[in-house]
Each structure stands twice: as structure tokens, then as C-alpha cells.
């Protein structure tokens with residue numbers, strides 16, 4: 007079991023599953039549970055098939071150095087996207103994900119679309135497709151992380167397979183946890199610290215992406231694998247500084263806007279009085 | 299075109315990050331494969347970290363000072 011791989015997959019999956027769960031929940035409550043669960047299960051099966059086929063093909067056919075370069079690049083792109091969004095949310099430049107709002111919005115959309123009999127257990131194609139689409143789309147990012155992270159964390163074909171298995175187990179554990187908590191509370195999981203999880207995963211993906219991309223180009227990192235900790239510290243420090251800086255920028259922009267508004271209001275009142 | 303846009307949005311969705319990372323990869327590939335640039339191999343690691351941080355700072359600055367905000 008590769009714990010770093012499993013943990014990263016667990017955290018990333020938890021965030022995505024919470025988002026997917028919100029839509030499945032709203033379909034379950036508004037349309038019916040049969041269609042919602044069938045859609046979610048069909049999407050989970052599609053994702054499992056994708057990980058199994060793509061993962062096995064990559065393990066068997068692609069040389070490790072090429073894999074590390076390509077996957078390092080993809081992880082870096084993915085990680086920087088997550089990190090950027092998390093920093094913007096911390097700084098207040100982007101709205102935080104609100105599961106309750108998404109739940110209410112989707113529910114209103116479903117109700118507006120047509121009169122729905124939630125008590126009916128008859129299979130509903132629209133509910134099935136909505137549930138399938140949301141789980142598949144959110145799960146694709148998880149599948150991507152499971153494959154790339156699992157493959158790159160290993161140095162041989164055997165350990166690459168075990169890497170994918172570890173990542174898949176991490177994702178499975180997150181999925182089961184979200185379903186279990188969701189089944190108990192039956193409300194959108196709004197209290198999950200989504201942004202913190204996204205931030206941690208962003209740091210992990212960026213760190214490993216940098217490390218593996220460097221290794222793919224023959225970079226010999228000082229202290230070998232222990233350099234990962236230094237990279238984590240560098241990216242954490244930079245993220246902290248960037249968040250503080252962006253908060254200040256936002257505050258200055260707000261002050262300037264207020265000042266501008268008050269000047270305009272004064273000018274307007276002068277014009278009116280003349 | 300729609301498919302390309304969907305893939306772009308799925309993987310990165312940010313032109314600054316994409317350009318920064320692709321440029322870093324191209325420069326690393328050049329350092330690794332062109333004999334004249336071989337003496338620069340020693341700074342490949344620090345260069346990569348700086349390129350990553352540079353991309354992050356640039357994209358966040360763009361968002362912070364965007365006229366749309």
C-alpha cells in the first residue's frame with residue numbers, strides 16, 4: 007500500500023464526491039432514488055472501467071521516463087489549477103463552493119422543468135442521466151488523479167500496478183465515506199472543508215508534478231525523495247504569501263471603489279443643488 | 299473545437315498556467331538535449347520550481363487586476 011498516493015487520491019476524491027453527491031441527492035429527493043442511484047452506479051462502473059483499461063494499458067506499454075514527463079506535466083497543470091482556485095477562494099476573489107445553494111438551484115430547475123412525483127419509484131430517464139452525468143464528470147477528475155498519481159509514484163511495472171491500486175483504494179474509501187455520511191444526514195454536505203481539501207490536493211499535485219517532471223528530464227534532486235518535503239514547504243510558503251498579498255489587493259480595490267463612489271455621490275449632490 | 303475546449307477546460311482551463319508549464323517543459327527539453335546547453339543542466343531543478351511559481355504568481359496577478367473584477 008502506497009500511503010501518499012492513497013491519501014492524495016482520498017482527499018481529491020472526497021471533494022469531487024461531495025460535489026457529485028449533492029446532485030445525486032437532489033435527483034433522489036426530487037425525482038426518485040431508484041433513478042438517482044442507478045445513474046450514480048452506472049457512472050461509477052464507467053469510471054472503474056476507464057481506470058482499469060487506461061491504467062493497465064499505460065502500465066504495460068509506456069516507458070517510465072516518458073510516463074513521468076507526460077504525467078508530471080499533466081499533474082502540474084492540474085495541481086496549479088486547483089491551487090490557484092483555492093488561493094483565490096482564501097483571498098475572497100472567488101466564491102466558495104456552496105453545496106446548499108447548488109442543491110436548491112438544481113432542485114428548483116428540476117421542479118421548473120416539469121411536475122415531478124417524488125413518491126413514484128418508476129425509472130426516470132432524465133433523473134438517471136442527470137445523476138450519471140454529474141457523477142461521471144466529477145469522477146473523471148478523480149479517475150485522472152488515480153491513474154496519473156498511481157503510475158508516477160512507482161519505479162517498476164509491478165509497483166505501478168500497486169500504485170494504481172493504492173490510489174483506487176483511496177478514492178473508493180472517500181466515495182464510501184461520502185455515501186455513508188450522506189445516507190445518514192440526507193442533506194447536502196455543506197460543512198466539508200472543500201477549499202482546504204482542494205488546497206492540500208493542489209499542493210500535493212503541484213509538488214509531485216514538479217518532482218516527476220524534473221526526474222523525467224534527468225534532474226537529480228538534492229536529498230533524493232526527501233526533497234519532496236522541501237518542495238511542499240516552498241509551495242506552502244508561496245501560497246501563504248500570495249493569499250496575504252491578494253487579500254491586501256482586494257481590500258485596496260474595495261477602498262478605492264468606495265472612495266470613487268463617495269466622490270461621484272458628492273458631485274451628483276452638488277449638481278442637483280445647483 | 300468543442301471537444302478541444304472541453305479537454306482544455308478539464309485539464310487546465312487557464313492559458314497563463316498552460317503557457318508557463320509548456321514553456322518550462324520546452325526549455326527543460328532543450329537543456330536536456332542540446333549539447334551547447336548541457337552546462338545548464340545543474341540549474342534545471344531550480345529553474346522548474348521558479349517557472350512553476352512564476353506561472354502561479356502571473357495567473358493570480360491577472361485575476362486580481364483583471365478589469366472584469
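Protein chains in written order, with my numbering: chain A, 7 to 280; chain B, 299 to 367. Glycine is no exception: its CB is placed at the ideal position from the N, C-alpha and C atoms.
{"Item": "Relative to the C-alpha of residue 157 of chain A, which candidate in A:146, A:144, A:172, A:143 has its C-alpha closest?", "Value": "A:172"}
{"Item": "Between which two residues does the alpha helix (DSSP H) holding residue 271 of chain A run?", "Value": "233 to 279"}
{"Item": "State whether the segment 176 to 190 of chain A contacts the segment 61 to 80 of chain A, with contact taken as three or more CB pairs (one from each stretch) at a distance under 8 Å.", "Value": "no"}
{"Item": "Assuming residue 339 of chain B is part of the alpha helix (DSSP H), what are its boundary residues?", "Value": "Note, residue 339 of chain B: premise wrong, no alpha helix (DSSP H); not H, not E."}
{"Item": "My guess is that residue 141 of chain A and residue 45 of chain A are in contact by the Cβ rule of under 8 Å, so how many angstroms apart are they, rounded?", "Value": "7 Å"}
{"Item": "Identify, in the order they occur along the chain, each residue of the same chain with its Cβ nearer than 6 Å to the Cβ of residue 32 of chain A, setting aside the five sequence neighbours on each side.", "Value": "109, 112, 113"}
{"Item": "Since residue 302 of chain B meets chain A, which of its residues come closer than 8 Å, beta carbon to beta carbon?", "Value": "Result: empty, since nearest Cβ-Cβ is about 15 Å, beyond 8 Å."}
{"Item": "Taking the continuous alpha helix (DSSP H) assigned at residue 38 of chain A, which residues delimit it?", "Value": "Note, residue 38 of chain A: premise wrong, no alpha helix (DSSP H); not H, not E."}
{"Item": "List, in chain order, every chain B residue whose beta-carbon is nearer than 9 Å to that of residue 94 of chain A.", "Value": "358, 361, 362"}
{"Item": "By Cβ distance, which residues of its chain are closer than 6 Å to residue 23 of chain A, with the 5 residues on each side in sequence left out?", "Value": "180, 181, 184"}
{"Item": "Can you name the residues of chain B whose CB is closer than 7 Å to the CB of residue 60 of chain A?", "Value": "Under the 7 Å cutoff, chain B gives no residues; its nearest Cβ is about 15 Å from residue 60 of chain A."}
{"Item": "Listed in chain order, which residues of the segment 75 to 102 of chain A have Cβ atoms closer than 7 Å to some Cβ of chain B?", "Value": "79, 80, 82, 83, 84, 86, 87, 89, 90, 93, 94, 99"}
{"Item": "Can you tell me whether DSSP reads residue 133 of chain A as helix, strand or coil?", "Value": "helix"}
{"Item": "Let me check you understand the geometry: is the CB of residue 107 of chain A closer than 7 Å to at least one non-hydrogen atom of the ligand ADP?", "Value": "The model depicted lacks the ligand ADP and carries no ligand whatsoever."}
{"Item": "If we define contact as Cβ-Cβ less than 8 Å, is residue 326 of chain B a contact residue for chain A?", "Value": "yes"}
{"Item": "Just tell me which of A:261, A:130, A:86 has its CA closest to the CA of residue 319 of chain B.", "Value": "A:86"}
{"Item": "Give me, in chain order, the residues of the same chain whose beta-carbon lies closer than 7 Å to that of residue 48 of chain A; leave out the 5 immediate sequence neighbours on both sides.", "Value": "138"}
{"Item": "DSSP on residue 8 of chain A, reduced to helix/strand/coil?", "Value": "coil"}
{"Item": "Express the C-alpha separation of residue 54 of chain A and residue 203 of chain A in angstroms, rounding to a whole number.", "Value": "23 Å"}
{"Item": "Quick check on the burial criterion: 16 or more other C-beta atoms within 10 angstroms. Buried or exposed for residue 34 of chain A?", "Value": "buried"}
{"Item": "Inspect the beta-carbon positions of residue 223 of chain A and residue 321 of chain B and report whether they are closer than 8 Å.", "Value": "no"}
{"Item": "For residue 345 of chain B and residue 253 of chain A, I'd like the C-alpha separation in whole angstroms.", "Value": "28 Å"}
{"Item": "At a Cβ cut of 8 Å, what residues of the segment 249 to 265 of chain A count as close to chain B, listed as they run along the chain?", "Value": "252, 255, 256, 259"}
{"Item": "What residues from chain B crowd round residue 240 of chain A, counting only those whose CB sits closer than 8 Å?", "Value": "347, 351"}
{"Item": "Starting from the Cα of residue 146 of chain A, find the closest Cα among A:29, A:245, A:56, A:243 and give me that residue.", "Value": "A:56"}
{"Item": "Which term fits residue 262 of chain A, buried or exposed, when burial requires 16 or more other beta carbons within 10 angstroms of its beta carbon?", "Value": "exposed"}
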